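Numbering (the UniProt record's numbering), first residue to last: 1 to 616.
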């Protein structure tokens, strides 16, 4: 396969030498030292993405999209360089830790390539789906971007020196929305770290609380945007903001500490981390802006008075003494919108009744939001068509999570997924902004599923807040805010009861609704036990919990009583996605082949009859 190249035309050079950031909607520094930068713009109408990659090198640059591992094997890779003023681009696929071979079909389109001041910049584009099984199909959810580069150009397609640097980073390619500038009339509030020293660790999570000012009445937050300290773009990986409700001591307002050190964390901080997640940002993302008719309410009697900012720092080279003052800037207005935004957590209740055996490479956990929880509440909606409109999703598991998705069911019919991430990465968490608002009607139901891998564990993984424990939740942002729509989840307690009765009868599972006896039993799992638990989870009904966490007058124990058993959410008509361009092309090709085949048979039959070879 010959090299793909294109000569630079007059006028294009000037464009390439301009500030790249003004040409693209999204940017991320792929490494902490910012030696390689990645830009992109999504064209939903054309189902294509335009890319630019800039590296501090005058040799070759490699960029890849890895399905789930962040490694070369199985990755879709593009390698480009500029030699003697000409740019070259090659479409490849990874088969292992070696030079990736060229694809049979070269599907990346070279736009330009330049070298200046010791930097190489390559611009190119590609369709979401190229109908090529050697390419990666760009979909919603996490994409692991891998990169590498070298100081020298290749001498040929098959002869290039091994990379001098490499790495990977998780981003959301398709879930970002280009936003306009803030309205000058909006007021802003910054919640920033104060010269905090980034820990000398590859991965760390740091928290800081902020008390909101007295807004003097109800206001609407209409925009969140990241504030990343210049020069620290490669260290600040993502952050989330939790809303704290209830009393919060002033002496903790100066607290800055490890967000996942649950054993030593102040109880008030831990309680805040249980609160609603109202914003999340990850590398490459821009601001989150509410629709013009929606705002997040603050300044009311039941509003949270404190926000917790949790930042994930990525420091793979263990840099010491790096200071950071990153955080979030929020904008609010007195010009109230038509609707208040609300948050709804959907999934499996966070408790020890969530059980995942060790040594599993594909364990599925399921939570349900049943129509019994949503029917009456959604009928109280002020929307003319009732129900709610879903704006965004924040999918969340802990370290064992590998994939997570939320299914939408109406009257036994499966609708398109509300959200899905087939390549979930705990160290990258970002709100998925839906391209279109999703109407969730009275009586609609949700199925929340998560896939886990515990091959590296020898003990049981239970549900809980610690990162060594697990969750399976989608934090949904919706409107209009409904007082009794904060949580819609389920518990697997009945299935675990059955499992304990069979394998640990002396622990009397029914004697304590609050405590899972498996925690004390410390089971030594066998394949038979894991299969038994899976079968019980498949067969037994669940317990629903659709209480309002803050304002419910119903006792928690009543919600969790086994008498509240409910059927699982099911559907008898699976969702059939519309045919893609690849499906249409494949069908057309198959039809053409069939026509040609039939034509050949007809020609042969006519010939055979005429020649006397075949008789009727």
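Cβ coordinates follow ideal geometry from the N, Cα and C atoms, glycine included.
Bear in mind the structure is a predicted one, so any value in this text is a computation, not a measurement.
Quiz item: In terms of residues, what are the limits of the alpha helix (DSSP H) holding residue 150?
Solution: Premise fails: residue 150 is in no alpha helix (DSSP H) and is neither H nor E.
Self-check item: CA-to-CA distance, residue 325 to residue 477, given in whole angstroms
Solution: 28 Å
Quiz prompt | Proximal residues to residue 292 (C-beta, below 8 Å), its chain only, five neighbours per side dropped | solution = For residue 292, where only same-chain residues beyond five positions count, the Cβ hits under 8 Å are 337.
Quiz item: Buried or exposed: residue 523, going by 16 or more other Cβ atoms within 10 Å of its Cβ?
Solution: buried
Practice problem: Report yes if the C-beta distance between residue 20 and residue 54 is below 8 Å; otherwise report no. | Solution: Residue 54 is positioned such that its CB atom lies closer than 8 Å to that of residue 20.
Practice problem: With DSSP collapsed to three states, give me the class of residue 272. | Solution: helix
Quiz item: Which residues share a DSSP beta bridge with residue 378?
Solution: Answer by DSSP bridge pairing: none, since residue 378 is not bridged.
Exercise. Kindly indicate which three-state DSSP category residue 250 falls into: helix, strand or coil?
Key: helix
Exercise. Select from 243, 300, 190 and 569 the residue whose C-alpha is nearest the C-alpha of residue 374.
Key: 569
Quiz prompt | Residue range of the alpha helix (DSSP H) that includes residue 494 | solution = 493 to 503
Exercise. Taking 8 Å as the cut-off, decide whether the C-beta atoms of residue 59 and residue 151 are in contact.
Key: yes
Exercise. Indicate whether residue 142 and residue 189 have their beta-carbon atoms separated by less than 8 Å.
Key: Contact flag unset, no.
Quiz item: What's the gap between the Cα of residue 246 and the Cα of residue 305?
Solution: C-alpha separation (whole angstroms): 8 Å.
Quiz item: If you run the structure through DSSP and keep just helix, strand and coil, what is residue 30?
Solution: coil
Practice problem: State yes or no: is the C-beta of residue 455 within less than 8 Å of the C-beta of residue 361? | Solution: yes
Self-check item: Short Cβ contact (8 Å threshold) for residue 379 with residue 386
Solution: In this structure, residue 379 places its C-beta atom within 8 Å of the C-beta atom of residue 386.
Quiz prompt | Start and end residues, alpha helix (DSSP H) containing residue 531 | solution = 527 to 539
Self-check item: Cα-Cα separation, residue 603 to residue 65
Solution: Each residue's alpha carbon lies about 48 Å from the other.
Quiz item: Quick one: is residue 297 buried, meaning 16 or more other Cβ sit within 10 Å of its Cβ, or exposed?
Solution: buried
Self-check item: Close-in-space but distant-in-sequence residues of the same chain around residue 63 (CB under 6 Å, 5 per side omitted)
Solution: Contacts found: 53, 78 and 147.
Quiz item: Taking buried to mean at least 16 other C-beta atoms within 10 Å of its own C-beta, is residue 349 buried or exposed?
Solution: It counts as buried.
Quiz prompt | DSSP-derived helix/strand/coil call for residue 417 | solution = strand
Quiz item: Since residue 519 is in the alpha helix (DSSP H), which residue starts that stretch and which ends it?
Solution: 518 to 521
Exercise. Have a look at the DSSP bridge pairing and note the partners of residue 331.
Key: 188 and 223
Exercise. Express the C-alpha separation of residue 531 and residue 576 in angstroms, rounding to a whole number.
Key: 31 Å
Practice problem: Reducing DSSP to helix, strand and coil, say where residue 372 ends up. | Solution: helix
Exercise. Would you list the residues sitting across from residue 92 in a DSSP beta bridge?
Key: 77 and 102
Exercise. Please go through the region 400 to 461 and give each complete beta strand (DSSP E) segment of 3 or more residues, from N-terminal end onward.
Key: 401 to 410, 413 to 421, 432 to 440 and 445 to 452
Quiz item: Going by beta carbon distance, what residues of the same chain come within less than 6 Å of residue 404, once the five residues before and after it are set aside?
Solution: 395, 397, 421, 424 and 450
Quiz item: Quick one: Cα of residue 15 to Cα of residue 486, how far?
Solution: Confidence at residue 15 is low in this model, with a pLDDT of 44, below 50, so its placement is unreliable and no value can be given for it.
Quiz item: Between residue 104 and the rest of its own chain, which residues show a CB-CB distance below 7 Å, the 5 nearest in sequence each way excluded?
Solution: Leaving aside the five residues that flank residue 104 on each side, the residues in its chain whose CB is nearer than 7 Å to its CB run, in chain order, 134.
Self-check item: Reference residue 438; option with closest CA among 389, 430 and 480
Solution: 389
Quiz prompt | Same chain only: Cβ atoms within 6 Å of residue 312, ignoring 5 sequence neighbours per side | solution = Taking C-beta separations shorter than 6 Å and ignoring five residues to either side along the sequence, the partners of residue 312 in its chain run 205, 237 and 238, following chain order.
Self-check item: Environment of residue 279 [buried if 16+ CB atoms lie within 10 Å]
Solution: buried
Practice problem: Leaving out five residues on either side along the sequence, give the residues of the same chain with a beta carbon under 7 Å from the beta carbon of residue 377. | Solution: 482, 484 and 485
Quiz item: Could you give the residue range of the beta strand (DSSP E) that holds residue 63?
Solution: 61 to 66
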